[in-house]
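See structure below.
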Amino acid sequence: MDPLAEIFLTILAIFCSFYILFYISKHGKGKGKALPGPQPLPIIGNLHMLSMLPHQSLYHLAKKHGAIMSIRLGSVPAVVVSSPEVAEIFLKTHVVFASRPKFQVLQSIYNGKMGIAFTEYGPYWRSLRKFCNQQLFTASKIESFAPSRKEVLTHFIESLKEAAAAKEVVNISKKVGILMQK
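Counting in UniProt numbering, the sequence shown runs without a single skipped number right up to 182 at its last residue.
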């Protein structure tokens, strides 16, 4: 076969493959009305539209496609809500957004009992929250820990003073992180 014909057939096959992928990605999932959004590319989706400052890219896309739009991050579909009013409606009225993500690692570590921070929203979470509000977050309980908090903060301030006197560089983020753990 002529080398020019081989090149032509290869290019034609690649073009047809991309056309089929575009067609399937656009028309293959007919599950009702789709949200407005930019047309994704096969495999990478809309990742090529996001710059090093993705919040600005999403802002410009929202100006073009509206406050609620769909994008694809690779092969993963995502819904972007750009309006605070719409986000508030979503987050306050839909229970699915009240829950926390499931972390398999934490479930293994805590043997399925996740505590209030990582428990899914539901009756168990509400009972934990009620217990915390009634037993742990009362004014008298919070006041009983005041001396301990004062001691930790005093130690924190003293360590900052020592570092300042020695003219050392202080990583405030790290120091505050350690403070929050105490």
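Don't be surprised by glycine CBs; every beta carbon is placed ideally from N, CA and C.
C-beta contact flag for residue i and residue j at 7 Å
| i | j | result |
| --- | --- | --- |
| residue 69 | residue 115 | no |
| residue 71 | residue 78 | yes |
| residue 152 | residue 174 | no |
| residue 242 | residue 87 | Nothing can be reported for residue 242, as the shown portion of the chain is limited to 1 through 182. |
| residue 100 | residue 118 | yes |
| residue 179 | residue 156 | yes |
Cut-off 7 Å between Cβ atoms - residues of its own chain near residue i, not counting five sequence neighbours on either side
| i | result |
| --- | --- |
| residue 201 | Because the chain in this structure spans residues 1 to 182, residue 201 falls outside the shown range and cannot be described. |
| residue 35 | 68, 69, 70 and 79 |
As assigned by DSSP and simplified to three states, the class of residue i
| i | result |
| --- | --- |
| residue 178 | helix |
| residue 47 | helix |
| residue 34 | coil |
| residue 100 | coil |
| residue 77 | strand |
| residue 70 | strand |
| residue 53 | coil |
Nearest-angstrom beta carbon gap, residue j and residue i [assumed within contact, 8 Å]
| i | j | result |
| --- | --- | --- |
| residue 95 | residue 121 | 6 Å |
| residue 46 | residue 73 | 7 Å |
| residue 42 | residue 18 | 7 Å |
Neighbourhood of residue i by C-beta, 6 Å cutoff - its chain only, sequence neighbours within 5 removed
| i | result |
| --- | --- |
| residue 163 | 170 |
Neighbourhood of residue i by C-beta distance below 8 Å, restricted to the same chain and skipping five residues each side
| i | result |
| --- | --- |
| residue 4 | none |
| residue 44 | 74 |
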